[in-house]
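What follows is a single structure, written as structure tokens, with notes after it.
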Amino acid sequence: MIIHTRWLMGTAALFNWSFVLCFLLLNTQLSALLQLDSASGSNLAMRDLALALVATFGAAYLYAAIDPIRGRPYIVLGVLGKSLAVLTIFTHWLVGNIGWQLPVLLIGDVLYSLLFINFLSRHRAIRPPSLHKA
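Sequential numbering of the sequence shown, starting at 9, is according to my numbering.
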């Protein structure tokens with residue numbers, strides 16, 4: 009279990025950090041490819057804030073890769089974060105605010121979210137011994 013979890017969470021961390029690095033280093037090309045409006049001013053600040061949060065989740069996934077038992081709460085947060093990201097982007101796509109390109113990119117988040125849910129359902133939390141005895 010531990011080795012599979014380490015691979016799952018390690019690749020999730022790399023997935024998130026790759027996303028961030030691509031947007032930081034290839035912003036012009038990715039914006040054109042994904043048909044995103046160019047960001048400046050407060051929109052650029054919001055984009056950078058979103059990238060910082062994606063990178064932070066990547067750090068949490070790395071922690072869970074190193075110690076899956078203690079990092080389990082980060083896996084739960086990962087399901088929530090990835091699900092909300094997918095819901096947000098797919099909603100904007102469905103109402104016509106964005107093209108199909110960004111939702112396709114978030115298929116990775118859909119897959120990781122499902123893998124995280126599978127892990128959580130198959131490997132129940134280990135409960136620490138009670139400090140208080142009856």
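Cβ atoms here follow ideal geometry from the backbone N, Cα and C, with glycine treated the same way.
Ignoring anything shorter than 4 residues, give me the alpha helix (DSSP H) runs that lie fully in the stretch 108-137, in order along the chain.
109-113, 115-130
Leu-114 and Ala-133 closer than 8 Å at C-beta:
As a first step, residue 114 must be located in the sequence shown, where it is residue number 106. As a first step, residue 133 must be located in the sequence shown, where it is residue number 125. The answer is no: Cβ separation not under 8 Å.
Going by DSSP, what residue range makes up the alpha helix (DSSP H) through Ala-40?
Here the question's residue 40 lines up with position 32 in the sequence shown. First-last of the alpha helix (DSSP H) with Ala-40: 35-41.
On the DSSP letters alone, give me the boundaries of the alpha helix (DSSP H) that Ser-91 sits inside.
By one-based count along the sequence shown, residue 91 stands at place 83. Note, Ser-91: alpha helix (DSSP H), 80-102.
Taking C-alpha atoms, which residue in Leu-32, Ala-68, Val-103, Ser-48 lies nearest to Lys-90?
Counting from 1 along the sequence shown, the entry for residue 90 is found at position 82. The shortest C-alpha separation from Lys-90 is found at Ala-68.
For His-12, tell me which candidate among Ala-72, Val-118, Asn-51 has the shortest Cα-Cα distance.
For this step, residue 12 is matched to residue 4 along the sequence shown. For the residues Ala-72, Val-118, Asn-51, the minimum Cα distance to His-12 belongs to Ala-72.
With burial defined as no fewer than 16 other Cβ atoms inside 10 Å of the residue's Cβ, what is the status of Asp-45: buried or exposed?
Against the sequence shown, residue 45 aligns to sequence position 37. Counting Cβ neighbours within 10 Å, Asp-45 comes out exposed, since fewer than 16 surround it.
Report yes or no: do three or more beta-carbon pairs, one from the stretch 42-56 and one from the stretch 109-128, lie closer than 8 Å?
yes
With distances taken from CA atoms, which of Ile-83, Ala-21, Ala-60 is nearest Asn-126?
Sequence index remark: in the sequence shown, residue 126 carries index 118 (1-based). Of the candidates Ile-83, Ala-21, Ala-60, the one whose C-alpha sits nearest the C-alpha of Asn-126 is Ile-83.
Pick from Val-118, Leu-122, Phe-65 that is closest to Asn-24, judged by C-alpha positions
On the sequence shown, residue 24 is found 16 positions in, with the first residue counted as 1. Taking only the C-alpha atoms, the option nearest Asn-24 is Phe-65.
Simplified DSSP state of Ser-26, which is helix, strand or coil
The sequence position of residue 26 within the sequence shown is 18, counting from 1. If DSSP states are grouped into helix, strand and coil, Ser-26 belongs with the helices.
The alpha helix (DSSP H) spanning Ile-74 covers which residue range?
Residue numbering aside, residue 74 sits at position 66 when the sequence shown is read from its first letter. Run containing Ile-74: 49-74, per the alpha helix (DSSP H) assignment.
Name the residue from Leu-123, Ser-129, Arg-130 whose alpha carbon lies nearest to the alpha carbon of Ala-20.
The sequence position of residue 20 within the sequence shown is 12, counting from 1. If we check each option's Cα against that of Ala-20, Leu-123 comes out closest.
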